[in-house]
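Mind the numbering: the sequence shown is residues 0 to 159 in numbering that gives the first Met the number 0, read in order.
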Amino acid sequence: MSEVQTKSLIAQILDTWIQGEKSEKLTLANYANAAAIIHQNVDDINWVGFYLYDQQLKQLVLGPFLGKPAVTVISPDSGVVGQSFTAQSTVVVPDVKAFSGHIVCDPISNAEIVVPITKADGTKLGVLDIDSPTLNRFTKQDQTDLEDYIQTLLGYIDRI
């Protein structure tokens, strides 16, 4: 018996929005709307956005986001963002103050989740970064849903 896999609700919203806008080929717009959809539909967060890998700089550069102004350039070996990008795995930090090397953008942030964005061929595009003012905010289900969200987004983005 085969198990039918369904997209998370937030991934379905993203899919519907991009198809409705007919923006399938508009990478920057899709990143921007992806951040906005999370901002509107995920409770108890204070920052959401993307850091995109710049091949020439060999750095992660701030992309579309919602929240307070943020660090513009992050090294792939720095902070939660860099760790997720380098390890190519989702990093959930229940308490950012206990994370050695955490890069503070908003002092009210207490928890963070970072999901890598990687094409099927292994090309590393960047990460999705989300902060919350609440300790232990991000659950295993949040991780699963956000990883699904990124897989959906990958169908609509290319390197900028």
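Cβ coordinates follow ideal geometry from the N, Cα and C atoms, glycine included.
The beta strand (DSSP E) with residue i in it runs from where to where?
i, result
"V80", "Counting along the chain, V80 falls outside any beta strand (DSSP E), though it belongs to the alpha helix (DSSP H) covering G78 to A86."
"G19", "Unbroken run through G19 is the alpha helix (DSSP H), L8 to E20; no beta strand (DSSP E)."
"I37", "Taken as a continuous stretch (DSSP letters only), I37 belongs to no beta strand (DSSP E), being part of the alpha helix (DSSP H) at T26 to N40."
"A110", "A110 to T117"
What number of angstroms, rounded off, separates the C-alpha of residue i from the C-alpha of residue j?
i, j, result
"I107", "D43", "12 Å"
"Y50", "V80", "8 Å"
"K67", "I73", "16 Å"
"L61", "G121", "21 Å"
"S131", "E23", "30 Å"
"V92", "T15", "30 Å"
Are there 16 or more other CB atoms within 10 angstroms of the CB of residue i, so buried, or fewer, so exposed?
i, result
"A86", "exposed"
"Q54", "exposed"
"G161", "Residue 161 is absent from the structure shown; the chain starts at 0 and stops at 159."
"E111", "buried"
"D76", "exposed"
"N40", "exposed"
Identify the continuous alpha helix (DSSP H) that holds residue i and give its terminal residues.
i, result
"L153", "K139 to L153"
"Q54", "Segment: none, Q54 is in no alpha helix (DSSP H) and carries neither H nor E."
For a quick check, are the C-beta atoms of residue i and residue j less than 7 Å apart?
i, j, result
"N29", "I156", "yes"
"V47", "L65", "yes"
"T138", "A10", "no"
"D94", "L145", "no"
Verify the CB distance criterion: does residue i have a CB-CB separation below 7 Å to chain C?
i, result
"A119", "In the structure shown, chain C does not exist; there is a single protein chain."
Please indicate yes or no: does the CB of residue i lie closer than 6 Å to some heavy atom of the ligand FAD?
i, result
"P93", "Inclusion of the ligand FAD in the displayed structure is not the case, the ligand content being empty and no account of it being possible."
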